[in-house]
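Input: a single structure, listed below in structure tokens.
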Amino acid sequence: MAGSRRGAPGEGIERAPMKVDGEADERVIRTVIDSFPTTVKDFQKVGAGVLRAKIDRRDLFRACKLLRDRLGFEHISMISAIEYADRFELVYHIACYGSCMLLELITSTPKDDPTVDSVSAIWGGANWQEREAFDLMGIGFNNHPKLERILLPKDFMYHPLRKEYKEGP
Amino acid sequence: MAEMWINMGPQHPMTHGLWNLRIKVDGETITDAEPEVGYLHRGIEKICENRTYTQILPIADRLCYGASLSWNHLYCRTVEDLMGIEVPERAQYLRVAALEMQRIASHLMWLAAYAADLGMMIGFIYAMRDREIFIDLLQSLTGSRITYNFCRIGGVAHDVPPDFERDSLRACDYMEKKIREYYDLYEGSKVFMMRNVGVGVLTKEDAMNLGVTGPPLRASGVRYDLRKDMPYESYPEIDFQPITHPDGDCYARYCVRMEEMLESCKIIRQALQRMPKGKWRVLAPRNAPIGTGLGRVEDPRGEGMMYVVGDGTDRPYRLKIRSPIFVTVSAAKRMLVGYKVADVVAIMGGLDMCIGEADR
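Which chain is which? The protein sequence lines are C and Z, in order.
Each residue of the first sequence is one higher than the one before, counting from 19 in the working numbering.
Each residue of the second sequence is one higher than the one before, counting from 76 in the working numbering.
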């Protein structure tokens, strides 16, 4: 019991002491849209403390850097890769410890060139999640430190979460 | 002395499941480390794409054998978000009570395994004995011991059995008494303390950047608990405190988990006392609408998250699962480098690895 204690909200975080309210949401929206006026689309609030935006894949790295350095989004929660008939979509769930906000950043790649820039230089936690997306869905990540299969054996021939790969015999 | 790589695993008493830790040693000192996972990959995300929403419920249980109710609940929350279902209030309180019992059972299993790892067999036996009480409670509530399959899309499977509230409150009283006893038992052991204090330090900055969540993050001094910071079910109405510890070592992780069990007892009491009468389940449609659903909960091991894409049929188009341990174990290198080979067991044991959810 010695030493442990009940923390105050947002304790241990120096940057971005924002609260979950309309003002903070608006600040995020304004900063991101001002920085990327042509490539950020459909910025909207989808739930309590959850924001959603679409971004062009060429601006992904710069936008993520801005989100972490200036807006305090310190935590990459999840990177999901989804295959649609005409495109691959990558959904980044990025969280802010101080304001407890969650940002859903969606970017898409064409079918014949499924690559985006890696964000593992910004968040170390993205490293393995990008490897997982590469392993199971076959998305390439530029400038990734070690883009290898992680869950499946190295000599596995398919990316099993693609729709062309059928389950069972 | 020449450096060399050593494989610890996939068959090793430390690993608690199938995974491999490659460490590079210079004498006794670790200079590099690389965990390897994937031995238990069952392709659950792909299996889910070919099952109906109801058929996935028991599969979600199998993600983690230590805290299966938590994953079952997370899946239900995700699909409820996609379908836009409001869960009845009684079901919300019931879920909270069951989730906290699961958290205590999971933490006790961790404590038992951790004590055995550190060569303290008596700690294993005490913790396993008391875990049985919460397993029995969950068995009376759900009908099974490990994979409960208790939550349903739109509520829970059954109402509480007779005398459940009395038994639960009695179990909480017992547990609170026992945890004080545990402090004497574990911290009175010189071996346990020597292998814990100051070992495997993870700084606050590293913990935040590497995506570490749950007890290891809070043990590094960051107060981030989704039950408080992004509340779900009836947690906002319940009075409890997330636990933090400033040190970031193995001992801090032990302290955080021990105090979390006390907080869980508080939550169970309040949830059962405030539980209103009424329905515990609403019916869910067979087909989900086109759109996406997101679930985010505080699993005993960290931040569990699911993202589902519905395409209007009765099967999910895509279900993505975020496993807390998969991300936490990628930070292992930062915790291991600079310590001795003998510390590996304490450091990796302190993370509460569950390979079922890491490999999916």
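Note that beta-carbon positions come from the ideal geometry of N, C-alpha and C, so glycine has one too.
Using a Cβ distance threshold of 9 Å, C/V134 and C/L85 do not count as a contacting pair.
Between the segment 200-216 of chain Z and the segment 290-309 of chain Z there are fewer than three C-beta pairs closer than 8 Å, too few to call the two in contact. Non-local beta-carbon contacts of C/R149 in its own chain, meaning distances under 6 Å to residues more than five positions away in sequence, involve I168 in chain order. By the neighbour-count criterion, in which a residue is buried when 16 or more other Cβ atoms sit within 10 angstroms of its Cβ, Z/K395 is buried. With a contact defined as Cβ atoms closer than 8 Å, C/C114 and C/E92 qualify at about 7 Å. Note: Z/E207 is not bridge-paired with any residue in the DSSP secondary-structure output.
Collapsing the DSSP output to three states places Z/K408 in a helix.
Taken atom to atom, the span from the alpha-carbon of Z/V231 to that of C/H162 is near 43 Å.
A Cβ of chain Z is located within less than 9 Å of the beta carbon of C/S98. Taking a contact as a CB-CB distance under 8 Å, the pair Z/E103 and Z/V416 counts as one, their CB atoms being some 6 Å apart.
Note that the C-beta distance between Z/G229 and Z/L96 is not below 9 Å. Comparing alpha carbon positions, the residue from C/S126, C/M96, C/I112 and C/L120 closest to C/A103 is C/S126. With a cutoff of 9 Å on beta-carbon distance, C/L179 and C/M155 are scored as near each other.
Bounds of the alpha helix (DSSP H) holding Z/V266 are K265 to N271. Listed in chain order, the non-local C-beta contacts of Z/R298 below 8 Å within the same chain comprise P317 and T319, local neighbours out to five positions each way being set aside. Taken atom to atom, the span from the alpha-carbon of Z/P375 to that of Z/S145 is near 8 Å. Z/E308 carries a coil assignment under DSSP once its states are collapsed to helix, strand and coil. DSSP, read as helix, strand or coil, puts C/S117 in coil.
DSSP places Z/L138 outside both helix and strand once states are collapsed to three, so it counts as coil.
Three or more beta-carbon pairs separated by less than 8 Å link the segment 160-168 of chain Z to the segment 344-362 of chain Z, which places the two stretches in contact. DSSP places Z/I160 in no alpha helix (DSSP H); its state is neither H nor E. Within the same chain, Cβ atoms closer than 7 Å to the Cβ of Z/I221 are found at Y140 and S143, the five residues on either side in sequence being excluded. Within the DSSP bridge table, the entry for C/E122 names C/R70 and C/H111 as partners. A straight-line Cα-Cα distance of about 26 Å links Z/D386 and Z/P163. The segment 368-382 of chain Z makes no contact with the segment 73-85 of chain C, as fewer than three CB pairs between them are under 8 Å. Judged by beta-carbon spacing, Z/R371 lies beyond the 9 Å limit of C/L89, meaning their Cβ atoms are not closer than that value.
At the C-beta level, Z/S339 and Z/E175 come within 9 Å of one another. Against chain Z, the beta carbon of C/L69 has no neighbour under 9 Å; the closest one sits roughly 12 Å away. Within chain Z, the C-beta atoms nearer than 8 Å to that of C/E92 come from M283 and N284, in chain order. Taking the beta carbon of Z/H148 as reference, no residue of chain C falls within 9 Å; the closest one sits roughly 18 Å away.
Against Z/D304, the close residues of chain C are C118, in the order they occur along the chain (beta-carbon pairs closer than 7 Å). Taking each of Z/L193, Z/C226, Z/I179 and Z/Y223 in turn and checking the Cα distance to Z/R204, the smallest one comes out for Z/I179. The Cβ-Cβ distance between Z/Y326 and Z/N271 falls below 9 Å.
Under DSSP, the beta-bridge partners assigned to C/S98 are C/V109.
Sequence-distant partners of Z/A173 (beyond 5 residues in either direction) whose C-beta falls short of 7 Å from its own C-beta, in its chain, are L144, L213, L216 and F225.
Nearest CB-CB separation between Z/E308 and chain C: not below the 9 Å threshold.
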